[in-house]
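Residue numbers (this note's numbering): -15 to 349.
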Ligand code: UD1
């Protein structure tokens, strides 16, 4: 039986890997090992998700932790190379675009272990984003590319990746979303904040391009404080963002303005907040996709997106910090139509199992 490693490293990896784990496991054709690089290590960004998403405990935690890009990537490279030599998998599945994605793909490729990239082909065409570099390099190393949408497939073809290495399988994060939707509704997380469904805004921001540029962060804070006068604003805050807010005293201004700064929420609690929100203000990747399927208006505080389909078919809109409030006011309760880009249907992980079988990976033992 072929042995497959599935990598997890940071918060959004869990929702993408969980359905793949479950579908591969149900096929009975593979020996699976979950590898945690330890890039995220706080309980609320990491282990809080295992039980909710019914993932097993990882067989190893490489404890890469935080650091500069070079240090973090190098720590995963060194740790994963050693584990690869011990475990000797036949295939490594890496999701997304974080530093660990690239590091694991590189370590595996150098040891001649084939790599499958889950969520391949996304491009923001913005090399100032570390994720864009991770995406392009991972795609250049991978032997199998599972794309979420046709634009991603086109990007790979344009870069000279051979057609036979690419399969458009759809969106695994949406597999998780659709299977947990009843739990999001049942959790009614808005009640914990004493607000009514459809009458509050959820915020999540963590990109260095927003948190590490003081004028930009201040401008975002100004917008949220101003919006907070007319609508409840709930902000489950990433640790790096909280540190940046505290550095300049923005946390006190936000709290004084009624913005509810709170700890990062686990999957079901957070998505329950999103399901009931009037709008979401974010710079996350996955939330642009989730809000599109849920029909919740999404204001993405970035100059570009690697997920253009969420703007062309969904509820997403790119805004600058100075434009957040105006864009929110312009929503007028509109834009709640749910959109399901093709193959965002809850069956992406099943298509991955089929694709591996067609590529001759399945064991018939
Ligand atoms: C990383 C990914 C980003 C992804 C995000 C999801 C890269 C380059 N970035 O960003 O693409 O969208 O994860 O959340 O891979 N920290 C903690 N506890 C933790 C982890 C981090 O406090 O468990 C703090 C540390 O101060 C750390 C900082 O957050 O230095 C940044 O962590 P890091 O993993 O480098 O990047 P993220 O911003 O989390």
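Idealized CB from N, CA, C, for every residue including glycine.
For this session: Can you tell me which of 194, 223 and 240 puts its alpha carbon nearest to the alpha carbon of residue 210?
Result: 240
Exercise. Between residue 190 and the rest of its own chain, which residues show a CB-CB distance below 8 Å, the 5 nearest in sequence each way excluded?
Worked result: 222, 224, 225, 267 and 268
For this session: For residue -3, name the three-state secondary structure that DSSP assigns.
Result: helix
Exercise. Residue 328 to residue -11, Cα distance in whole Å?
Worked result: 24 Å
Exercise. With burial defined as no fewer than 16 other Cβ atoms inside 10 Å of the residue's Cβ, what is the status of residue 81: buried or exposed?
Worked result: Buried, since its Cβ has 16 or more Cβ neighbours within 10 Å.
For this session: Measure how close the beta-carbons of residue 330 and residue 193 come, nearest whole angstrom, since I'm counting them as under 8 Å.
Result: With 8 Å as the limit, residue 330 and residue 193 do not qualify as a contact, their Cβ atoms being about 32 Å apart.
Exercise. What residues in its chain sit with their C-beta under 8 Å from that of residue 94, if we drop five residues either side in the sequence?
Worked result: 65
Exercise. Considering residue 332, what are the terminal residues of the alpha helix (DSSP H) in which it resides?
Worked result: 332 to 342
Problem set entry | Euclidean distance between Cα positions of residue 149 and residue 59 | 29 Å
For this session: Return the first residue and the last residue of the beta strand (DSSP E) that residue 300 is part of.
Result: 300 to 302
Problem set entry | Where residue 316 falls, given that 16 or more other Cβ within 10 Å makes a residue buried | exposed
Exercise. If you run the structure through DSSP and keep just helix, strand and coil, what is residue 328?
Worked result: Residue 328 falls in the coil class under three-state DSSP.
Exercise. Can you give the beta carbon distance from residue 151 to residue 140, rounded, assuming they're within the 8 Å contact cut?
Worked result: At roughly 11 Å, the Cβ-Cβ gap does not stay under 8 Å, so residue 151 and residue 140 are not in contact.
Exercise. So, residue 84 versus residue -9, is the Cβ gap smaller than 8 Å?
Worked result: yes
For this session: Say yes only if the C-beta of residue 82 is nearer than 7 Å to one or more non-hydrogen atoms of ligand 1, and no if none qualify.
Result: yes
For this session: Tell whether a beta-carbon distance below 8 Å holds between residue 203 and residue 69.
Result: no
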